Amino acid sequence: MTTDCLNLTQDGEVRILRLMQPERRNALSDEMRAELRDALRAAHEDPAVCSIVLAGSGGCFCAGGDIKGMGQPVDIALTRLDVVHDVVRLIALGPKPVVAAVDGVAYGGGMSLALCCDSVVATPGARFCASFGRVGLVPDMGAMWSLPRRIGAARALRFLQQGTEVRGEAAVDMGLADVLAATGTDEDLIATATQEARTLVPAAPLPGGHMRRIITRHHGDLEAVLADEREAQGALFATEDHDEARRAFLEKRPPGFIGR
């Protein structure tokens, strides 16, 4: 099944969701956000599905937020944020495990999308970067919850502040990813991620959903982070720096930040 933004296939009991706008590096447009939320919800509710693989297309996982779609009034921007918060909840709190299959860029919200999954499989050419500061915003989609759980609070803060890029094997060594696919081919990536998704389903599947929810809720408060993130982002959406960053991106020039 293919929609405007997603391709959905089934490999046994594993549902594979592919972001299918490679010409935009699979950026999280409004349509992509809504279709991904609906597809995740449907996969969780489908008794034929035991686990989920989330992948990109065209040699790219996800470039993050759709900067061309930014610049709306704050209330509209927060409504858009609410949709991706639903996506995060479906991945982190849903009853079935989700594996991210990452090749190419996983920048900004794309990185956040991968990190809230149960496991991350990366190719040698996978590229992770917390690029939020470049557009004058705080990390969103739960990155301030998921990243410290993976690499520790101090290391996470430094990584988010620096906005450096980490690739493939180094991402596995750092803890951003869990499994390195043997090659950079899409076929190998999906096969490795599908196998990883199968290993995360216990022999009796129902306890797995309970374990995921309990661990998520009691080892870092996801809902509190999402609420604080929403408040901070709402303030930053209205700043001159964010508007300058958006215009600089569209005009393909470096931004000139002024701190207000």
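Numbered by our numbering, the letters in the sequence shown go through residues 2 to 261 in order.
Every residue gets a Cβ at the ideal spot worked out from N, C-alpha and C, and that includes glycine.
Remember, it's a predicted structure, so these values are computed and weren't measured experimentally.
| Item | Value |
| --- | --- |
| Identified DSSP bridge partners for Ala28 | Note: Ala28 sits in no beta bridge, so no partner. |
| Given 8 Å, three or more beta-carbon pairs between the region 142-161 and the region 206-213 | no |
| Meets three-Cβ-pair contact criterion under 8 Å: the region 186-204 and the region 128-137 | no |
| Per-residue burial, His243 [other beta carbons within 10 Å of its own, 16 or more giving buried] | buried |
| Alpha helix (DSSP H) segment containing Ile17, residue limits | Careful: Ile17 lies outside any alpha helix (DSSP H), inside the beta strand (DSSP E) at 15-20. |
| Opposing strand residues paired with Glu166 [DSSP bridges] | Cys130 |
| Pair within 8 Å by beta-carbon distance, Ala44 and Arg90 | no |
| Range covered by the alpha helix (DSSP H) that runs through Val88 | 75-94 |
| Secondary structure of Leu9, DSSP reduced to three states | strand |
| Asp119, buried or exposed, once every other Cβ within 10 Å from all chains shown has been counted against 16 | buried |
| Own chain residues within Cβ distance below 7 Å of Gly59, not counting five before or after | Pro23 |
| The region 60-80 / the region 102-115 touching (three or more Cβ pairs under 8 Å) | yes |
| With 16 other Cβ atoms within 10 Å as the buried cut-off, status of Met2 | exposed |
| Burial state of Thr269, where buried means 16 or more other Cβ atoms lie within 10 Å | Since the displayed the chain opens at 2 and closes at 261, residue 269 lies outside it and no answer follows. |
| Span separating the alpha-carbon of Glu170 from that of Gly109 | 19 Å |
| Element boundaries [alpha helix (DSSP H), containing Ala49] | Here Ala49 belongs to no alpha helix (DSSP H), and DSSP marks it neither H nor E. |
| Residue closest to Cys117, alpha-carbon to alpha-carbon, out of Met175, Val136, Leu148 | Leu148 |
| Where the alpha helix (DSSP H) through Val202 begins and ends | That residue, Val202, is in no alpha helix (DSSP H); it is neither H nor E in DSSP. |
| Contacting residues, own chain, Cβ-Cβ under 7 Å from Leu29 (five flanking each side not counted) | Cys63, Gly65, Gly66, Asp67, Val85, Gly110 |
| Alpha-carbon spacing of Arg261 relative to Leu237, whole angstroms | 9 Å |
| Nearest residue (CA-CA) to Ser113, options Glu46, Met212, Lys97, Arg150 | Arg150 |
| Beta-carbon spacing of Val122, Leu18 below 8 Å | no |
| Best match in Leu138, Asp5, Thr124 for proximity to Gln234 [C-alpha to C-alpha] | Leu138 |
| Pair within 8 Å by beta-carbon distance, Val54 and Lys97 | no |
| Collapsed DSSP secondary structure at Ala183 in the structure displayed | coil |
| Member of Val88, Glu32, Glu36, Arg25 whose CA lies at the smallest distance from the CA of Leu9 | Glu36 |
| Inter-residue Cα distance where the pair is Glu230 and Arg214 | 21 Å |
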